[in-house]
Amino acid sequence: MKILLNNTSLFKSIRPFNDLGFVPTMGGIHKGHLSLINKSNKLCKKTIVSIFVNPKQFNNKKDLKSYPRNIENDLKILKKSKKVDFVYLPKFKDIFKDKKKSKITLQKKDKILCAKFRKGHFEGVLDVMNELTQIVKPKKIFMGEKDFQQLYLIKKELGKKYKTKIIPCKTIRDRNNIALSSRNFLLNKPNLVIAAKIYEKLVSIKKYIKNKKNIRSFLNLKKKELKNNYKIKIDYLELRNIKNLKISNTNKNSRLFIAYYLNNVRLIDNL
Ligand code: AMP
């Protein structure tokens, strides 16, 4: 596993390879990331993982400051997996020319879910993915369905510009079904118990949606219940079509999307 600390060493090392699988991350490596890496390792000749906490995608300074960082441990886990050929650890200047806001804009119809509640977030994500794709020039990029809206927007944006294929990967959960996330490192045990209970509730809500005539008002009611029962703040609880992310009136081709705050940590999930 070769560690690449700047673009010069990146270009030198990856130049011979035209079948690169790329797994972009912000570190805090967990089994969710490893599942993407495994898939890349199976489908591509070489696998490159990047670790870069992209300041442009944080709409909240506190969130950026508290984002879990543990590069030593990340490298240990990646090395142990024996599935990674290159780890790219760029500095800000390797990726961006300046600190200006992204020129990428979202269409009005895409300003939903997290885009509505985290202003500028996806513009920053699309910006970094655009730059990373130009730098790494991978054949395939592996991304998690846990961040479904991110996957959807990146597919749309990069699909217009590059030959690179975006490969969706299933959400990996812990034994209590909590979707793995680097942010889970910021949760204590009681928080994790609540997160597991919320997952159970979401499963049952999704099940009962089938019989409901007015899904929107049913979900509003469930949102209030979750809020009161678990003392959490909820940004959204919505059923949306997986093809176009429009509000859906049926379970078919749809997922239930949630974003909520537990102990000031923002968690998202979809099922
Ligand atoms: P992050 O480091 O959180 O930016 O995530 C890097 C990549 O890993 C993204 O494509 C995420 O969607 C993916 N990912 C994060 N958590 C999970 C998970 N629990 N299961 C599958 N993929 C995940």
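For my numbering, add 77 to where a residue sits in the sequence shown, where the first one is 1. Using N, Cα and C, we set each Cβ at its ideal position, and we do this for glycine too. Everything numeric in this text was worked out from a predicted model, so none of it was measured.
Bounding residues of the alpha helix (DSSP H) (the contiguous stretch that carries residue i)
i: N118; result: 108-120
i: L303; result: 292-307
i: T85; result: 84-91
i: K278; result: 266-286
i: T210; result: 198-213
i: F194; result: 190-194
i: S143; result: 138-143
Rounded C-alpha distance that separates residue i from residue j
i: I292; j: I255; result: 25 Å
i: K349; j: G98; result: The structure shown does not extend to residue 349, since the chain is modelled only from 78 to 348, so the question has no answer here.
i: T210; j: L203; result: 10 Å
i: A273; j: N253; result: 6 Å
i: L296; j: K289; result: 10 Å
i: K116; j: S158; result: 12 Å
i: N147; j: N330; result: 38 Å
i: R92; j: E149; result: 26 Å
i: F225; j: F129; result: 20 Å
i: I114; j: C121; result: 10 Å
i: C246; j: K185; result: 27 Å
i: K156; j: I181; result: 35 Å
i: F194; j: K168; result: 28 Å
i: K287; j: K176; result: 47 Å
i: K89; j: K238; result: 24 Å
i: Y285; j: K79; result: 50 Å
i: L190; j: L314; result: 9 Å
i: E208; j: P101; result: 12 Å
i: D187; j: I275; result: 26 Å
i: S294; j: I154; result: 45 Å
i: K240; j: P267; result: 45 Å
Rounded distance between the beta-carbons of residue j and residue i, thought under 8 Å
i: S127; j: I249; result: At roughly 19 Å, the Cβ-Cβ gap does not stay under 8 Å, so S127 and I249 are not in contact.
i: R349; j: R317; result: Residue 349 lies beyond the residue range present for the chain, which begins at 78 and ends at 348; the question has no answer from this structure.
i: E222; j: L228; result: 6 Å
i: K108; j: L269; result: The pair is not a contact, with the Cβ atoms about 15 Å apart (cut-off 8 Å).
i: L81; j: F163; result: 6 Å
i: L339; j: I271; result: 6 Å
i: V205; j: N137; result: Their Cβ separation, rounded to whole angstroms, is 17 Å, which puts V205 and N137 out of contact at 8 Å.
Residue from the options with nearest C-alpha to residue i
i: K119; options: V164, R332, K160; result: K160
i: L264; options: K310, P145, D96; result: P145
i: G105; options: R260, K133, Q134, K79; result: R260
i: D171; options: K283, V213, N305; result: V213
i: H358; options: F219, K240, F334, L141; result: Residue 358 lies beyond the stretch modelled for the chain, which goes from 78 to 348, so this question has no answer here.
i: F334; options: V130, K299, N305, N340; result: K299
i: S179; options: G201, Y165, I189, S86; result: G201
i: S143; options: F262, K122, N84, T327; result: F262
i: N326; options: Y313, K283, N306, L303; result: K283
i: V280; options: N347, F135, K320, K232; result: N347
i: L395; options: M103, L322, D251; result: The first residue shown for the chain is 78 and the last is 348, placing residue 395 beyond what the model contains.
i: D96; options: T124, F88, S86, T85; result: T124
i: I319; options: K138, N83, K232; result: K232
i: K304; options: I324, K323, E315, Y337; result: Y337
i: N306; options: K278, F135, K240, T241; result: K278
i: H64; options: L183, F219, Y165; result: Limits of the chain in this structure are 78 at one end and 348 at the other, which puts residue 64 out of reach.
i: P215; options: T85, F94, N84; result: F94
i: F173; options: I311, E302, N83; result: N83
Bridge partners - residue i, DSSP secondary structure assignment
i: V76; result: Residue 76 lies beyond the range of the chain shown here (78 to 348); nothing can be said about it.
i: S158; result: S158 is not bridged to any residue.
i: L81; result: Y165
i: G221; result: C246
i: T327; result: Looking at the DSSP assignment, T327 forms no beta bridge with any residue, so it has no partner.
i: A256; result: R250
i: R146; result: Partner(s): none; R146 has no beta bridge.
i: L333; result: L316
Residue i - containing beta strand (DSSP E), residue span
i: L314; result: 310-318
i: T102; result: 97-102
i: S127; result: 123-128
Original post:
Got a list of residues with beta-carbon closer than 6 Å to any non-hydrogen atom of the ligand NAD, in chain order?
Top reply: Of the ligands one can find in the structure shown, namely the ligand AMP, none is the ligand NAD.
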